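Trainee: In this note's numbering, the protein residues as written are 1 to 151.
1. Taking the C-alpha atoms as reference points, what is the distance between residue 74 and residue 20?
2. In the DSSP assignment, find the unbroken alpha helix (DSSP H) run with residue 58 in it and report its ends.
3. Suppose contacts are defined by Cβ-Cβ distances below 9 angstroms. Is residue 5 in contact with residue 122 by that definition?
4. Quick one: is residue 234 buried, meaning 16 or more other Cβ sit within 10 Å of its Cβ, or exposed?
5. Write down every uninterrupted run of the alpha helix (DSSP H) in the segment 17 to 96 whose length is 4 residues or greater and which is fully enclosed by it, in chain order.
6. On the CB-based measure, 16 or more other CB atoms within 10 Å of its CB, does residue 38 come out buried or exposed?
7. Among residues of its own chain, excluding the 5 on either side of residue 30, which ones have a beta-carbon nearer than 7 angstroms to its beta-carbon?
8. Using DSSP's beta-bridge definition, name the partner residues of residue 113.
9. Let's test the definition: count the other Cβ atoms within 10 Å of the Cβ of residue 59 and tell me whether it reaches 16, buried, or not, exposed.
10. What's the gap between the Cα of residue 25 and the Cα of residue 91?
11. Relative to the C-alpha of residue 12, which residue among 138, 140, 133, 52 is closest?
12. On the premise that residue 40 lies in contact with residue 70, defined as a C-beta separation below 8 angstroms, what is that separation, rounded to the nearest angstrom?
13. To the nearest whole angstrom, what separates the beta carbons of residue 141 and residue 42, a pair I think is in contact under 8 angstroms?
14. Can you check which of these residues, 117, 113, 106, 83, is closest to residue 94 by C-alpha distance?
15. So what's residue 141 in DSSP terms, helix, strand or just coil?
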């Protein structure tokens with residue numbers, strides 16, 4: 001699931017980087033305003049949860065407007081993907097079932113597993129990818145195919 005998501009993320013980035021920067025960063029009144037911000041947000045969410053799972057505090061604190069080029073966004077994507085691979089490479093047998101206590105959006109304390117968190121991270125990116133699809137259609141750009149047979 002993580003590898004699939006990464007491949008699709010790359011296909012979307014390849015499509016997005018063909019746009020003029022101004023188009024990519026334009027406020028479209030979406031959840032995080034622009035396509036740039038949506039992509040940076042999803043990468044930031046992965047980084048946030050990796051920090052949580054790895055008990056680290058290494059994620060970027062940059063603001064959306066600090067990403068001024070496609071290269072800046074690509075560098076963030078590469079850093080997040082390296083951290084993801086490092087996490088899985090170091091995951092012990094049974095590590096996906098490790099339990100964590102978190103406070104959810106309703107301010108309730110709940111127990112979740114690493115696997116639960118990773119499914120949430122995947123779903124978060126899929127949710128925002130749907131936004132990118134709609135925004136690309138609005139400007140007449142066909143989003144990349146993402147079915148299994150197209151990978």
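Idealized CB from N, CA, C, for every residue including glycine.
All figures in this text were calculated on a predicted structure; none of them were measured in a lab.
Mentor: The answer reads as follows:
1. 15 angstroms
2. No alpha helix (DSSP H) holds residue 58; DSSP gives it neither H nor E.
3. Between residue 5 and residue 122, the C-beta spacing is below 9 angstroms.
4. Outside the shown range of the chain (1 to 151) lies residue 234, about which nothing can therefore be said.
5. 21 to 25, 35 to 54, 70 to 90
6. buried
7. 38, 131, 135
8. 99
9. buried
10. 36 angstroms
11. 133
12. Wrong, their Cβ atoms sit about 12 angstroms apart, outside the cutoff.
13. Not really, about 19 angstroms apart at Cβ, beyond 8 angstroms.
14. With distances taken between CA atoms, residue 94 lies nearest to 113 out of 117, 113, 106, 83.
15. coil
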